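Student: In this text, residue positions in the sequence shown follow the working numbering: the first is 5, and each later residue adds one.
In this text, a Cβ means the ideal position worked out from N, Cα and C, and glycines have one as well.
Please read all numbers here as calculations on a predicted model, not as lab measurements.
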Amino acid sequence: MQPTLVAPGAPVDPSWTRADSPAEAARLVATGAVVVVELPSDLNPALAAAAVYRWHGTQIFITHHHDEVRQALDMTDSLAGRRPPALTRRGLA
Numbered sequence: 005m006q007p008t009l010v011a012p013g014a015p016v017d018p019s020w021t022r023a024d025s026p027a028e029a030a031r032l033v034a035t036g037a038v039v040v041v042e043l044p045s046d047l048n049p050a051l052a053a054a055a056v057y058r059w060h061g062t063q064i065f066i067t068h069h070h071d072e073v074r075q076a077l078d079m080t081d082s083l084a085g086r087r088p089p090a091l092t093r094r095g096l097a
């Protein structure tokens, strides 16, 4: 499932399960739950948390920083092998 970004205060689906830690998110994802997390309001902690939660399979992110978090999620999915990189370069050393 592609990650979804939701604005703070927007209604959330009651079937989504909130996680309070990456370990809890990983456990819930393993059971097939759709996991939602609310990211910190500061940009740098939000990016770090988004990458860690996405690595563990979290699908829904509540954040103020949509563009920046989307880029972090795309990078994490590329590293995890869930999507191709946005840009590849071949270089000779």
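Drop a sphere of 10 angstroms on the beta-carbon of L43, count the other beta-carbons inside from all chains shown, and report buried for 16 or more, exposed for fewer.
Tutor: The residue in question, L43, is buried, as its Cβ has 16 or more Cβ neighbours within 10 Å.
Student: Please go through the same chain and pick out, in chain order, the residues whose beta-carbon is closer than 8 Å to the beta-carbon of P89, but skip the five residues on each side of it.
Tutor: S82.
Student: DSSP beta-bridge partners for V39?
Tutor: Answer by DSSP bridge pairing, in chain order: T21.
Student: If you check the beta carbons only, do Y57 and A11 fall under 8 Å apart?
Tutor: The answer is no: Cβ separation not under 8 Å.
Student: Would you give the residue range spanned by the beta strand (DSSP E) that V10 belongs to?
Tutor: Looking at the DSSP string, the run of the beta strand (DSSP E) that includes V10 is 8 to 10.
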